[in-house]
Every structure is written in structure tokens, then in C-alpha cells.
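Using our numbering, you'd call the opening residue of the sequence shown number 566 and step up by one each time.
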Amino acid sequence: MQVRDNVLPHLRRVKAELEKLNGTRIKIGIQGNADSELLMIARVHEYGATITPKATRNLCIPIHKDSYDKSPRDFQDLFFIRSRDGYLFGVVAKKGRRDKENPNNLKFLFLLLPSVTIPERSFIRAGFDHNKNKLAEIVQNEVALIWQGQQTADGAISWIGGQAVGLIREFMTDASNFEPKGKIQRERYPSYADSPLMVTGRLRNSITWEVEE
């Protein structure tokens with residue numbers, strides 16, 4: 566009578582799959598092949614930044630719907646006034662001649678500031694810390710499936726990467742995880758007033774995974 570050994574081949578297969586899984590590094594985030602503007606935006610949100618003008622004295626922050634995505638050069642009749650609190654504004658007259666003494670006749674288009682500080686809104690590091698227990702469970706489940714012969718290392722890598730991306734995106738969507746927007750940004754994007762990282766969804770949708778070579 567010939568006895569067939571099924572245990573040893575199974576153990577060898579499991580060992581090979583687990584070694585492959587253990588030797589794989591999965592990168593979650595905005596990958597290096599993304600465009601430079603998106604990488605800059607992600608870096609600013611992840612670590613915070615103080616932005617200063619390069620060639621002028623002040624940054625011009627659009628504060629009116631008529632000045633969104635425009636510069637002071639686009640307004641021929643623009644002039645500047647300083648408020649009693651010391652803030653400098655770029656304005657135009659609603660009608661007639663300039664009247665600096667009558668704010669009701671002025672349209673406030675720009676706020677001029679020497680610098681703007683964007684607070685840290687970490688979504689990769691904080692998102693990982695927030696979900697590390699869930700990620701550990703996901704990995705443990707995949708290891709168990711490999712042991713049971715129901716999963717491969719490649720399949721586990723794909724599943725873990727996809728689940729990690731989903732958790733980070735979910736973390737980004739929850740506005741309570743971040744310092745809220747300022748008044749100007751809330752007014753400009755009212756539909757996403759409480760979600761500082763969800764103005765267009767572009768940043769969130771750019772979160773992907775890849776295997777680090």
C-alpha cells in the first residue's frame with residue numbers, strides 16, 4: 566500500500582507564499598509618478614507649510630466669487646485700501662467714482678497677506694495610525710487564507726493594498742479628523758464646507774497602492 570504525503574507539499578507551498586508576502590513592501594499614498602502640482606498639494610497638507618510670495622511683497626488671496634482663479638492684474642480699476650484693523654484689501658468700486666470712505670460702494674476682491682500658514686492635515690501618517698489595528702486584522706486574515714490554501718501571496722498583496730487605500734480614503738473624507746477650513750475656503754467651496762481635503766476629490770482619488778521594488 567502506498568501512502569501519499571500531502572502535508573509536506575502543503576507546508577512547502579505555504580512557506581514559499583508567506584516568504585514572498587513577508588518580503589513585499591506595499592506603498593500607500595500618492596505615488597511618485599503623479600504630477601508635481603498634486604505632489605506639492607499632498608506634501609503641504611501632510612506636513613503643513615507657510616507660504617510666502619516669491620517676487621512680490623504680499624500674497625493676493627481671492628475672497629470674492631468674481632476674483633476666484635484670477636489675479637489683481639485682471640481688474641483695471643482695482644485699488645487698495647487698509648482697514649482699521651490693519652488688513653490690506655484689493656477692491657473695486659461697485660459703481661461711480663472711488664469712495665474709500667463708503668465701504669458699501671466697494672467690492673472686496675482680494676486680501677493681501679505677507680504669508681499664509683496652512684496647518685498640518687496629515688492623512689497618510691495619521692490615517693495609518695488611525696487604522697493600524699484594522700490593517701493588522703486584514704493581514705492576519707490573508708495569512709490564514711494562505712495557510713488554508715485559499716489565497717496566494719500575490720492575491721493577498723493586492724487585497725491588502727486595496728483595503729489600505731480604502732481606509733485612507735475613508736479617513737480623508739471624515740472632516741472631524743482634521744482642523745476645519747477657514748472662512749474664506751468654506752465660502753468658496755460651500756458644498757464641501759466641512760471637509761478640508763475634499764474640495765474636488767482629486768487628492769482623495771489619487772491615493773493608490775503599489776509594490777515597492
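Every residue, glycine too, gets a C-beta built ideally from N, C-alpha and C.
Remark: three or more beta-carbon pairs, one from each stretch, lie closer than 8 Å, so the region 575 to 595 and the region 766 to 778 are flagged as touching. Closest in alpha carbon position to Ala-691, among Glu-735, Gln-705 and Phe-654, is Glu-735. Leaving aside the five residues that flank Gly-655 on each side, the residues in its chain whose CB is nearer than 6 Å to its CB run, in chain order, Pro-637, Leu-643, Phe-645, Leu-674 and Phe-675.
Inside the region 585 to 634, DSSP marks whole beta strand (DSSP E) runs of 3 or more residues at positions 591 to 594, 614 to 616 and 624 to 627, from first to last along the chain. One thing to note: Ala-718 has its Cβ within 8 Å of the Cβ of Leu-586. Excluding the 5 residues flanking it on each side, Cys-625 has same chain C-beta neighbours closer than 8 Å at Ser-636, Pro-637, Gly-655, Phe-675, Leu-676 and Leu-677, in chain order. Note on Gln-596: under 16 other CB atoms within 10 angstroms of its CB, so exposed under the neighbour-count rule. A straight line joining the alpha-carbon of Asn-706 with that of Thr-682 spans about 43 Å. Taking every protein chain shown into account, the CB of Arg-686 has 16 or more other CB atoms within 10 angstroms, so this residue is buried. Shown here for Ala-658: same chain residues with a beta carbon closer than 8 Å to its own, the five before and five after excluded, namely Asp-642, Asp-664, Asn-670, Leu-671 and Lys-672 in chain order.
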